[in-house]
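Residue numbers (the working numbering), protein chains in the order written: chain G, 15 to 324; chain L, 97 to 540.
Yeah, the Cβ is synthetic: ideal placement off N, Cα and C, and Gly gets one too.
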Amino acid sequence: MIKTAPSEYRFTAPRNLGAVFGRLRTSGPFLWVLPAGLCVLFIFGYSVVDLVQQSFKYEGDWVGFENFSLVLTDPLFRTAMSHNFLLLFTVPILSVMSFICAVLLFETRKGMKFYRSAVFLPYILPIPVIGVVFGQLLQLNGALNSALRAMGFESLALDWLGDPKQALWTMSGIIIWKEVGFGTILILARLISIPLETLEAARIDGAGFFRLHLKVTLPQLRPVILFYIINESIVMVSWVFNYVYVMTNGQGGPGNATVVSELYIYRSAFQNNSPELAATAALLLLLATLVFIIGFFRIQRNASKGVFDD
Amino acid sequence: MNIRGKAFAVGSAAAVLLTSLSFIGASASVKPSKAITTKPVTLTMWWWGEQEAPGAQAWVDATVKAYQKKRPNVTIKTVLQTTDGLMPGFAAAAAAKSGPDLQYFWGGIYSQQPGWDGQISPVSDHIPADELKHYINATTELSFQGKIWTAPWYVNPSFPVLARTDVLSKYNLKVPKTWTDLLKVCDVLSKEGVPTLAGGVKDGWFGGWLYSIIGGQSVTNKDVVAAVVGKQKFTDAKHADWWTRLQETKDRKCWNSDINSLELYQAQQLWKDGKAAMTVVAGPDAPNFANAVGASKVVVMAMPKWSTGKFAGKMGSTSQTIGITKWSKNKDVAADFLMFSHEKAQLNSWYKLTGSMPADDRFDLNTVKDPVKKALFQSALPGAPYLENFIPAQLDADAVFTNVQLVLAGTKTGKAAAADMQAVMERLRKTDRSLVKNFTAWNK
Chain G
15 MIKTAPSEYR FTAPRNLGAV FGRLRTSGPF LWVLPAGLCV LFIFGYSVVD
65 LVQQSFKYEG DWVGFENFSL VLTDPLFRTA MSHNFLLLFT VPILSVMSFI
115 CAVLLFETRK GMKFYRSAVF LPYILPIPVI GVVFGQLLQL NGALNSALRA
165 MGFESLALDW LGDPKQALWT MSGIIIWKEV GFGTILILAR LISIPLETLE
215 AARIDGAGFF RLHLKVTLPQ LRPVILFYII NESIVMVSWV FNYVYVMTNG
265 QGGPGNATVV SELYIYRSAF QNNSPELAAT AALLLLLATL VFIIGFFRIQ
315 RNASKGVFDD
Chain L
97 MNIRGKAFAV GSAAAVLLTS LSFIGASASV KPSKAITTKP VTLTMWWWGE
147 QEAPGAQAWV DATVKAYQKK RPNVTIKTVL QTTDGLMPGF AAAAAAKSGP
197 DLQYFWGGIY SQQPGWDGQI SPVSDHIPAD ELKHYINATT ELSFQGKIWT
247 APWYVNPSFP VLARTDVLSK YNLKVPKTWT DLLKVCDVLS KEGVPTLAGG
297 VKDGWFGGWL YSIIGGQSVT NKDVVAAVVG KQKFTDAKHA DWWTRLQETK
347 DRKCWNSDIN SLELYQAQQL WKDGKAAMTV VAGPDAPNFA NAVGASKVVV
397 MAMPKWSTGK FAGKMGSTSQ TIGITKWSKN KDVAADFLMF SHEKAQLNSW
447 YKLTGSMPAD DRFDLNTVKD PVKKALFQSA LPGAPYLENF IPAQLDADAV
497 FTNVQLVLAG TKTGKAAAAD MQAVMERLRK TDRSLVKNFT AWNK
C-alpha cells in the first residue's frame, strides 16, 4: 500500500497565482541586482569592517581609542586635513569656470568640436604626465618663469612649487586646469538637451546674453551643477593624492606645504609601517567624505523625483 | 685506580670535553652550508642601484646569467625599482607576505627595521660566518643581537663633495677645506651669480645626505641613537648646530636659487655644465661625474669641516645590501646566489662595469689605477658612520627632509628646525611603541 505524504508536505497550488506573479514582478529588479549588490557589499563592507577593526588595534592587541588620539593630535594629520579643506575652495571656482566654458562653447557656432576637445583634453591626460610636465614648467628657472621674465614681469616669476607659501595654490591651479574639462562637458551635455524653443522664447521676450543664461539656462542646469559640485568636493577631500604624489615626489613638500590626508594615510601605511594609524586616518577621512556622499545621494534622489514628476 | 689509569681517565675526559667544546663552538659560529636543491627553482629579486651606480643593471644581468649557468635549475627574475617606489613596494609585498625572494635595502635602519618587523630572514642564518666576515660594513650597520640582517653588496662612500677647480680658479678661488673658507667662497661667487653648491631638495633625499655630511661632524652614531631613544635631545648643541650651519649656507647664498624646485639629479647637471663650483654626489657615481668633466679639474673631498668632532672632515661609509625575505621558499638558494655574487669574478666584474667598490674586503684595491677612485675607496675603509642610517626612516622623512626644504627656502630658522626634529622624535616614540626597545637593543 502506498502511503500518502502528510498534508503539510503536500504541494498545494496557491489560491491566487496572480498575487504571486505580482510579488515577483515587484521584487524582480532586486533579485537581478542581488549578485552585484552582494559583490559590492562584500568588497566595500569587508574593507570597512577591517578598517574599523584595525583602527582599534596595535599589532593585533585591542587599544581602544588610542590610535584615534594619536592621529587627531598629530600636527601633520591636522595640516593634511586643513589642506584638503583649503582645496575645497577650488570647487566654486571650478563650477563657475565650467559653466562659463559650457555656455561659451554652446554659443560658439564655428569650431565648437575643436574647442570642446581642447577643453576636455586635460581631463583625459594621465596625472603622471601632468605631474612631469608641470614639474618642469613651473621650476623657478623653468619655461613659465623664463617667459614671464622675458616679458618684463620679473616680480611674477615665483617659485611656484618650491615655495611653501605658493605650492598649495599652484597645485590648486593645476587641479582646476585638469578638472574644468569634466564640468564643462557635463554642463554642456545638459545645455544641449534644453529645448531650443525655451531659449528662443526668452530671446523673443527680449532677454540678452547674460539675462538668458543667468535667468533661463542656469536654473535648468541646477541638478547637473549640484552633482558636479558634490563630485568635485569628494575629489578635493579624498582623491587628490595622485596630484600631490607625482608633483612632489611623494613628499607633500616643500616642508609639509602640500600634504593631504590621503598622502598621510599612504605614508603611514607604506613608508612608516604604521598600518593601524593609516586605518584610523582612513576611517576619519571616510567619515568626512560620507557627508558629501550623503549629499550626493540626496541630490540624485531629488533629481530622479524631478524626472519622474515630469 | 693507579696513576696511569687516573691520567688516562682525566685525559679521556679532557679529550671528550675539548672535542665537545670545539664542536659546539664550530656549530655556533659557522653554519655548515646545505646542499643546494637540484629541483627547478625560481627566485625574484627586487633591486635598486642603477640610479647611483650606472652599470649595475649590466652587472645584475651578467651575474644572473653566470649563476644560472652554474645552477641550471635556478631561474632568477630581476626587477629594477624606482627610488620613490623601493620602500613602499616592499612594504606592500611584506603586508601580503608575497613578492621578492631577494630584496635590496639601504644600510643601517633601512635593513634593521624590516628585520625587527619580521620581514626578512637574517643572512647570517644562511651564509657561514667565515664568508660574512669579508662583507664590508656588515657588522657596523647590519648586525643585531649577534645576527646580521642583510648582505652588503657595494660600498657607498657617503657622500663625496666634488669641487671644480676650473670654475673656482676663474674667480681666483681655491677649493675650501674649512667651513669658514666655504662661506667666503659663497660670498664671492654669489656676487658673480654663480652657485657655489649645486643641489636639489624637491625629492627630499638630499636633505638626508646633508644631515649626514654636515650633521655627522659633531656627533657619533651612538649619540644619534641616544637622541632617538630619549637619552639626548636633538635640540642639544651637538645635535642642533648643524641646522645653524645649514641656515648659514642659505643666508650666504651658497646654493642655486632653484634648489627647492629641482630634484637632486637635475641640480647636479648644473655642476656638470660648469654653472656651479661644487656639488655632492652618490659615492659610486663620483668617478663618473669626475670623468665627465675631466678628472684633472675635479677634487673629491669630504664636506668642509665646521666642527672638531671625531668624524669631522671624514667621509661616511655605508654598504647597500641585499636581504632574503622571510616568506621566500628558497632561502638557501637565495643565499647561495648572494655568496656567488661575492666570488672574485663577480667582484672584479662589478668594479669593471660600474667603477664603484664591491662590499668585500677580498676585492683587490691594487687593481684600481684611477686616482679618484682609489682615493674614494680608501676613504671609505674605514669611513665615518653614515648618520642617516641610524635614525628612524620616519624621522628622516618627516623632520630632516621637510626641515631642510624649509630652511633652504628661507621660511624656517635652523633653531626652529632643530626644535621640530625633537618634537617629531618625541611623537615617534609614542606612535612606534617598540622603537625605543629596538634602538636600545641595536645600540648595545
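Out of G:ASP64, G:SER131 and G:SER41, state which residue places its alpha-carbon closest to the alpha-carbon of PHE196 (chain G). Along the first sequence, read from residue 1 onward, the residue named residue 196 (chain G) stands at position 182. Residue G:SER131 is the option with its Cα nearest to PHE196 (chain G).
Give me the residue from L:ASP283, L:TRP367, L:SER357 and L:VAL376 with the minimum Cα distance to LEU306 (chain L). Position 210 of the second sequence, counted from the first residue, corresponds to residue 306 (chain L). Looking at the Cα atoms, L:VAL376 is the closest of the given residues.
Hey, VAL274 (chain G) and ILE189 (chain G) are a contact pair by Cβ (cut 8 Å); roughly how many whole angstroms apart? Position 260 of the first sequence, counted from the start, is the residue given in the question as residue 274 (chain G). Position 175 of the first sequence, counted from the start, is the residue given in the question as residue 189 (chain G). About 11 Å separates the CB atoms of VAL274 (chain G) and ILE189 (chain G); that is not less than 8 Å, and the two are not in contact.
CB-CB under 7 Å to ASP337 (chain L), same chain, minus the five flanking residues each way: which ones, in chain order? Residue mapping note: residue 337 (chain L) aligns to position 241 of the second sequence, counting from 1. Counting only Cβ-Cβ distances below 7 Å, and skipping sequence neighbours, we find SER314.
Distance, Cα to Cα, ALA537 (chain L) vs VAL251 (chain L)? Taking the first residue of the second sequence as position 1, residue 537 (chain L) is located at position 441. Taking the first residue of the second sequence as position 1, residue 251 (chain L) is located at position 155. Approximately 25 Å between the Cα atoms of the pair.
Who are the neighbours of LYS300 (chain L) on chain G, taking C-beta pairs under 7 Å? Start at 1 with the first residue of the second sequence, and residue 300 (chain L) comes out as number 204. Reading the sequence as shown, one finds Gly at residue 300 (chain L) and not Lys. Per Cβ cutoff of 7 Å: ASN263, GLN265 and GLY267.
Simplified DSSP assignment, three categories, for GLN416 (chain L): Locating residue 416 (chain L) in the second sequence gives position 320, where the first residue counts as 1. In this structure, GLN416 (chain L) counts as strand in the three-state DSSP scheme.
Backbone secondary structure at ILE244 (chain G) - three-state DSSP: Taking the first residue of the first sequence as position 1, residue 244 (chain G) is located at position 230. If DSSP states are grouped into helix, strand and coil, ILE244 (chain G) belongs with the helices.
Near LEU226 (chain G), what residues of its chain come up, given a Cβ to Cβ distance below 8 Å and the 5 sequence neighbours on each side ignored? Translated into the one-based positions of the first sequence, residue 226 (chain G) becomes position 212. Excluding residues within five positions, the ones whose Cβ falls inside 8 Å are LEU213, ALA216 and ARG217.
Any beta-carbon of chain G closer than 7 Å to the one on SER207 (chain L)? Walking along the second sequence from the start, residue 207 (chain L) turns up at place 111. SER207 (chain L) does not count as touching chain G.
Return the residues of the region 67-82 of chain G that lie within a Cβ-Cβ distance of less than 7 Å from chain L, sorted by chain order. The residues in question are TYR72.
Rounded straight-line distance, which links the Cα of LEU264 (chain L) to that of VAL290 (chain L): The count along the second sequence starts at 1 and reaches residue 290 (chain L) at position 194. The count along the second sequence starts at 1 and reaches residue 264 (chain L) at position 168. In a straight line, the C-alpha of VAL290 (chain L) is about 10 Å away from that of LEU264 (chain L).
6 Å Cβ shell around ILE307 (chain G) - same chain, five flanking residues per side excluded: In the first sequence, counting from the first residue as 1, residue 307 (chain G) sits at position 293. Excluding sequence neighbours, ILE307 (chain G) sits near nothing in its chain.
Any chance the CB of ILE309 (chain L) is under 6 Å from a heavy atom of the ligand PLP? Looking for the ligand PLP in the displayed structure turns up nothing, as the structure carries no ligands at all.
When you compare each of G:SER160, G:ARG281 and G:THR294 to GLY181 (chain L) by their alpha carbons, which one comes out closest? Translated into the one-based positions of the second sequence, residue 181 (chain L) becomes position 85. Nearest C-alpha to GLY181 (chain L): G:ARG281.
Which residue's Cα is closest to the Cα of PHE433 (chain L): L:LEU198, L:PRO150 and L:ALA191? Against the second sequence, residue 433 (chain L) aligns to sequence position 337. Taking only the C-alpha atoms, the option nearest PHE433 (chain L) is L:LEU198.
Buried or exposed, going by whether 16 or more other CB atoms sit within 10 Å of the CB of LEU135 (chain G)? As a position in the first sequence, residue 135 (chain G) is number 121, starting the count at 1. Classification for LEU135 (chain G): exposed.
Members of the region 277-300 of chain G that neighbour chain L once the beta carbon cut-off is set at 8 Å: TYR280, ARG281, ALA283, PHE284, GLN285, ASN286, ASN287, SER288, PRO289 and LEU291
How close, in whole Å, do the beta carbons of PHE240 (chain L) and GLY204 (chain L) come, if the pair is a contact with beta carbons under 8 Å? The residue labelled residue 240 (chain L) in the question sits at position 144 within the second sequence. The residue labelled residue 204 (chain L) in the question sits at position 108 within the second sequence. About 11 Å; that fails the 8 Å criterion.
Exposed or buried, ILE120 (chain L), counting other C-beta atoms within 10 Å across all chains shown (16 or more means buried)? Residue 120 (chain L) sits at position 24 when you count from the first residue of the second sequence. Residue placement at ILE120 (chain L) is flagged as unreliable, the pLDDT there being 36, under the threshold of 50; the coordinate-derived value follows with that caveat. Result: exposed.
Along the region 152-164 of chain G, where does the CB come closer than 8 Å to a CB of chain L? Name the residues. Listed by position, the residues of the region 152-164 of chain G near chain L (Cβ gap below 8 Å) are LEU152, GLN153, LEU154, ASN155 and GLY156.
Where are the alpha helix (DSSP H) runs, 4 residues long or more, that stay fully inside the region 437-467 of chain L, in chain order? 440-450
Pull up the distance between the alpha-carbon of LEU52 (chain G) and that of MET435 (chain L), whole angstroms please. Here residue 52 (chain G) refers to the residue found at position 38 when the first sequence is read from its first residue. Here residue 435 (chain L) refers to the residue found at position 339 when the second sequence is read from its first residue. Taking the straight line joining both Cα atoms gives about 52 Å.
Residues bridged to ILE216 (chain L) [DSSP beta-bridge criterion]: In the second sequence, residue 216 (chain L) corresponds to position 120, counting from 1. Paired residues: L:THR421.
Expressed to the nearest angstrom, what Euclidean distance is found between the alpha-carbon atoms of LEU362 (chain L) and TRP446 (chain L)? In the second sequence, the residue the question calls residue 362 (chain L) occupies position 266. In the second sequence, the residue the question calls residue 446 (chain L) occupies position 350. Position check: residue 362 (chain L) holds Gln in this sequence, whereas Leu was assumed. Spanning the two alpha carbons is a distance of roughly 26 Å.
Chain-ordered neighbours of PRO178 (chain G) on chain L, where CB pairs are closer than 7 Å: Numbered from 1 along the first sequence, position 164 holds the residue referred to as residue 178 (chain G). Close partners of PRO178 (chain G) in chain L (Cβ separation under 7 Å): LEU502, ALA505 and THR507.
Any residues in the region 178-196 of chain L with a beta carbon nearer than 8 Å to a beta carbon of chain G? Which ones, in chain order? ASP180, MET183, PRO184, ALA187, ALA188 and ALA191
Any beta carbon from chain L within less than 7 Å of ASP219 (chain G)'s own beta carbon? As a first step, residue 219 (chain G) is located in the first sequence; it is residue number 205 there, counting from the start. By this cut-off, ASP219 (chain G) is not an interface position.
ALA225 (chain L): buried (16+ other C-beta within 10 angstroms of its C-beta) or exposed? Sequence index remark: in the second sequence, residue 225 (chain L) carries index 129 (1-based). ALA225 (chain L) comes out exposed.
In terms of residue numbering, what span does the beta strand (DSSP E) encompassing THR138 (chain L) cover? In the second sequence, counting from the first residue as 1, residue 138 (chain L) sits at position 42. Looking at the DSSP string, the run of the beta strand (DSSP E) that includes THR138 (chain L) is 137-143.
Residue(s) in a DSSP beta bridge with LEU244 (chain L): Indexing the second sequence from 1 puts residue 244 (chain L) at position 148. Sequence inspection shows Ile at residue 244 (chain L); the Leu mentioned does not correspond to that position. Its beta-bridge partners are L:SER239.
Take the Cβ of PRO268 (chain G) as the centre, count every other Cβ of all protein chains shown within 10 Å, and call the residue buried at 16 or more, exposed below. Numbered from its first residue, the first sequence carries residue 268 (chain G) at position 254. Under this definition PRO268 (chain G) is a buried residue.
Kindly indicate which residue of G:LEU240, G:MET185, G:PHE167 and G:ASN263 has the alpha-carbon position closest to the one of ARG315 (chain G). Here residue 315 (chain G) corresponds to residue number 301 of the first sequence, with the count starting at 1. Among G:LEU240, G:MET185, G:PHE167 and G:ASN263, the Cα nearest to that of ARG315 (chain G) belongs to G:LEU240.
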